[in-house]
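*Asks:* According to my numbering, the stretch in the sequence shown is residues 4 to 159, in order.
Here a beta-carbon is modelled for each residue, glycine too, at the ideal position from N, C-alpha and C.
Given the structure is predicted, the values throughout are model-derived calculations rather than measurements.
Could you have a look at this structure, given as structure tokens, before my questions?
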Amino acid sequence: MQTRREFCGGLCLAAAAGGALSTIPGCGGGGGGSATSPSGTTASSLTRLTGTVAGNQVSVEIASGSALAATGGQALVQAGPNSLLVARTGTSTFTALTAICTHEACLITNGEAGAFVCPCHGSRFDATGRAITGPAVTSLRSFATAFAGSSLTITI
């Protein structure tokens with residue numbers, strides 16, 4: 004699949020050469036599936052988990068075998084209107100981040116080892132939300148987490 008950057012680059016080359024713009028392939032859709040990050044690795048779609056909202060807290064049950072059952076696991080948690088990126092960073096520690104990219108507000112749906120990847124323009128964020136590859140330069144907002152038994156609570 005052609006990236007937006009490749010499409011726009013081809014468009015500029017065709018325009019500069021005076022070529023027919025109708026010969027340039029169009030975009031194949033947006034976001035979802037896998038995407039190649041600037042590092043050349045392939046980011047795959049994050050597992051989606053459902054959480055429940057009560058007041059300013061989101062609760063997620065972490066079942067054995069789920070994407071968040073082991074350290075290093077990542078998931079996109081949907082809870083009402085909230086979309087959160089969650090990473091398990093230790094036996095009983097997690098990070099929770101907004102899933103809205105700080106570059107152009109796309110929903111971040113992809114991940115790769117230790118990073119979350121925006122499918123729109125390839126921005127990469129580490130498990131703490133820090134922007135590690137642009138075009139985004141601003142970190143993702145983080146939320147406090149608490150884990151007891153098999154229940155993860157995120158304060159939003």
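Can you grab the Cα-Cα spacing for the pair V89 / F150, in whole Å?
*Replies:* Between V89 and F150, the C-alpha separation is close to 12 angstroms.
*Asks:* Using a threshold of 9 angstroms, state whether the C-beta atoms of I135 and C121 are closer than that.
*Replies:* The answer is no: Cβ separation not under 9 angstroms.
*Asks:* Could you tell me if S153 is buried or exposed, where buried requires 16 or more neighbouring beta carbons within 10 angstroms of its beta carbon?
*Replies:* Flag for S153 reads exposed.
*Asks:* For V61, which of A73, S95 and L87 has the nearest alpha-carbon?
*Replies:* Cα-wise, what sits closest to V61 is L87.
*Asks:* Around the Cβ of N59, are there at least 16 other Cβ atoms within 10 angstroms (buried) or fewer (exposed)?
*Replies:* It is exposed - the Cβ of N59 has fewer than 16 other Cβ atoms within 10 Å.
*Asks:* Given this structure, state the Cα-to-Cα distance separating A147 from F97, to the nearest angstrom.
*Replies:* Whole-angstrom Cα-Cα distance: 9 angstroms.
*Asks:* Indicate the three-state DSSP secondary structure (helix, strand or coil) for T156 in the structure shown.
*Replies:* Correct three-state label for T156: strand.
*Asks:* Return yes when the Cβ of A130 is within less than 9 angstroms of the Cβ of Q81, no when it is not.
*Replies:* No, these two residues do not count as a Cβ contact at 9 angstroms.
*Asks:* Would you call the CB atoms of H106 and G137 closer than 9 angstroms?
*Replies:* The answer is yes: Cβ separation under 9 angstroms.
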